[in-house]
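With the UniProt record's numbering, the residue at position 121 of the sequence shown is 121, and numbering never jumps. What follows is a short report on a single structure.
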Amino acid sequence: MLRFPPWDRMAASISKLPKDHILRLIDEEVKQYRAESLENYLQVGEGPHVHPSNNAHELHNALGKWIGWSEYIVEEWASPGKALTVRLTRHAKVQILHMGRWKSITEFLTLGNQLGAPHEKFHGSLWQWWRLNGKHFPLLDLPRELRDQIYAFSHGPQNHPFPSSKLRRPGQYPWPFQSPLPGFNLIRTKKQVARESLEVLYLQVPFLLQHIGLFSRLLLSPRSPLERIRRLELALSHRQFFRLFGLATSASSDGSSDRFMPGYAASRRVRALRRMELTSLTLRVARPSWSTENDDFDGACQLEVVKWLQESALPWVRGHPVTVTGYIKDAQKVPFEEACRAEQKRFGLWRKQKDAVDGTVGNLVEYDEWADMVDGEVDGGVRVDGGDVLAMESKQGRDERGPRVLPPRCYCVAPCKLKTSSAKQ
1 MLRFPPWDRM AASISKLPKD HILRLIDEEV KQYRAESLEN YLQVGEGPHV
51 HPSNNAHELH NALGKWIGWS EYIVEEWASP GKALTVRLTR HAKVQILHMG
101 RWKSITEFLT LGNQLGAPHE KFHGSLWQWW RLNGKHFPLL DLPRELRDQI
151 YAFSHGPQNH PFPSSKLRRP GQYPWPFQSP LPGFNLIRTK KQVARESLEV
201 LYLQVPFLLQ HIGLFSRLLL SPRSPLERIR RLELALSHRQ FFRLFGLATS
251 ASSDGSSDRF MPGYAASRRV RALRRMELTS LTLRVARPSW STENDDFDGA
301 CQLEVVKWLQ ESALPWVRGH PVTVTGYIKD AQKVPFEEAC RAEQKRFGLW
351 RKQKDAVDGT VGNLVEYDEW ADMVDGEVDG GVRVDGGDVL AMESKQGRDE
401 RGPRVLPPRC YCVAPCKLKT SSAKQ
């Protein structure tokens, strides 16, 4: 004779009880409604907790078999003690009597006025919805090409490094701007997904830097080294561009000849550009503003500032595929990009020759050393061409011209900071 432990005898006795068919149908339809969207889940919650009321009577089918009760109390849907009258249709669907009319479970839930659970209790419970929903997306079963497209779409058109940095805060507000990083939620799921997603992030998504401090922080961060980034966009102000690339001259903030201040020296962090292998480098020129962060460029001539910027940036960006956007005229944009393309082509030929000679792939640092030796003149690492508008001036010519005055005076017909100019995309 078999003997069951007390809990086994209890389970065996419960299994012999007749099942509440109406209660099962209510539970299935509520789960289906809850799984349709997160809003439905927030509305219904993790319940429901359903039990028959004390005044309910039994319901039987046409064969006389018991199928459930006529009234139920759902704690999450109604006030305590309020029973909901139900019936079973010939299509095996449960209906609820509401304001004198029979409505389905879905219709009753969409009304929303019978729900008593606060929405704040389930706010932000997206992961709970997926857990209860039971749906899984077979991401790793897809081909790598499709997974890469999903990764690229999740990261968005641009990446804003360090979204919670205080450098993004406007004015004197104590809290920083926080841009969303939706792709990083996908990175946290699995190591393989993280490795593939980060590879797409560094190869395809442009990194937008709008402050020189973010460039320094990205340079020092071990989790996102600059050597792995392939697309970079610098959208700095006039002064921060010169703080990065330098402005090799002496200048005075008031234009007087007896008071000169040293020019902007190139930052050490700009040398990281020579170690990067970029497939796209975008320089976004700021607009001529009414007031800037520094008096050196307040009311400056936009044409003159862009010219200085091109001269200062060319030694550090040559060899990269450079694109200039923002508030710049075509007369300055086109020659500069052509000069950068010529340098990129020259760098590609040198790289092929080096690979054929010693079997190694050269970088931009080695290219600068070779170019300085071949050109015979080290002036920021740029060959001086006599007729080139964009060529760096010789040191002697710069001394003969005299110091530059900050801010550069605007002699345009319409002042640069007053006229309306459109940005190049």
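Note that the Cβ used here is the ideal one computed from N, Cα and C, for glycine as well.
Next on the checklist: Quick check on the burial criterion: 16 or more other C-beta atoms within 10 angstroms. Buried or exposed for Ala313?
Outcome noted: Flag for Ala313 reads buried.
Checklist entry - What residue ranges within the region 287-348 form continuous alpha helix (DSSP H) runs of no fewer than 4 residues, ordered along the chain? => result Counting whole runs of 4 or more residues, the region 287-348 contains the alpha helix (DSSP H) stretches 302-317.
Checklist entry - How close, in whole Å, do the beta carbons of Phe297 and Arg243 come, if the pair is a contact with beta carbons under 8 Å? => result With a beta-carbon spacing of about 11 Å, Phe297 and Arg243 fall beyond the 8 Å limit used to define contacts.
Item to check | Integer-rounded CB distance, given that Pro52 should sit under 8 Å from Trp69 | outcome: Right, their Cβ atoms sit about 4 Å apart.
Next on the checklist: In whole angstroms, give me the CA-to-CA distance for Tyr411 and Arg230.
Outcome noted: Distance between the alpha carbons of Tyr411 and Arg230 is about 40 Å.
Next on the checklist: Could you compute how far the alpha carbon of Asp148 sits from the alpha carbon of Ser197?
Outcome noted: Roughly 7 Å separates the two Cα atoms.
Checklist entry - Which whole-angstrom value is the C-beta distance of Gly326 and Arg284, which I expect to be below 8 Å? => result Separation of the CB atoms of Gly326 and Arg284 is rounded to 4 Å, and the pair is thereby assigned contact status at 8 Å.
Next on the checklist: Could you tell me the alpha carbon to alpha carbon distance between Ala35 and Leu59, rounded to whole angstroms?
Outcome noted: Answer to the nearest angstrom: the Cα atoms are 29 Å apart.
Checklist entry - Between Asn40, Arg87 and Asp27, which lies nearest to Ala56 when the distance is taken from Cα to Cα? => result When each option's Cα is compared against that of Ala56, the closest is Arg87.
Checklist entry - At what residues does the alpha helix (DSSP H) containing Gln204 begin and finish? => result Annotation: the continuous alpha helix (DSSP H) that includes Gln204 extends over Lys191 to Gln204.
Item to check | For Ala286 and Cys416, the rounded distance between their alpha carbons | outcome: Near 12 Å, if we compare the C-alpha coordinates of Ala286 and Cys416.
Item to check | Selected residue, minimal CA-CA separation from Leu278, among Ile187, Lys307, Glu107 and Gly319 | outcome: Nearest in C-alpha terms to Leu278, of all of Ile187, Lys307, Glu107 and Gly319, is Gly319.
Checklist entry - Terminal residues of the continuous beta strand (DSSP E) containing Val285? => result Under the DSSP assignment, Val285 falls in the beta strand (DSSP E) whose first and last residues are Ser280 to Val285.
Item to check | Secondary structure of Gly213, DSSP reduced to three states | outcome: Three-state result, Gly213: helix.
Next on the checklist: For a cutoff of 9 Å on Cβ pairs, would you count Cys340 as touching chain B?
Outcome noted: Included in the structure is just one protein chain, with no chain B present.
Checklist entry - Cα-Cα, which of Tyr33, Gly100 and Leu63 is closest to Thr106? => result Residue Tyr33 is the option with its Cα nearest to Thr106.
Checklist entry - Which class does residue 435 belong to by DSSP, given the choice of helix, strand or coil? => result Residue numbering for the chain in the displayed model covers 1 to 425; residue 435 lies beyond these limits and cannot be assessed.
Item to check | Sequence-distant residues of the same chain with beta carbon closer than 8 Å to Asn40, five excluded per side | outcome: Within the same chain, Asn40 has close Cβ partners Tyr33, Arg34 and Leu109.
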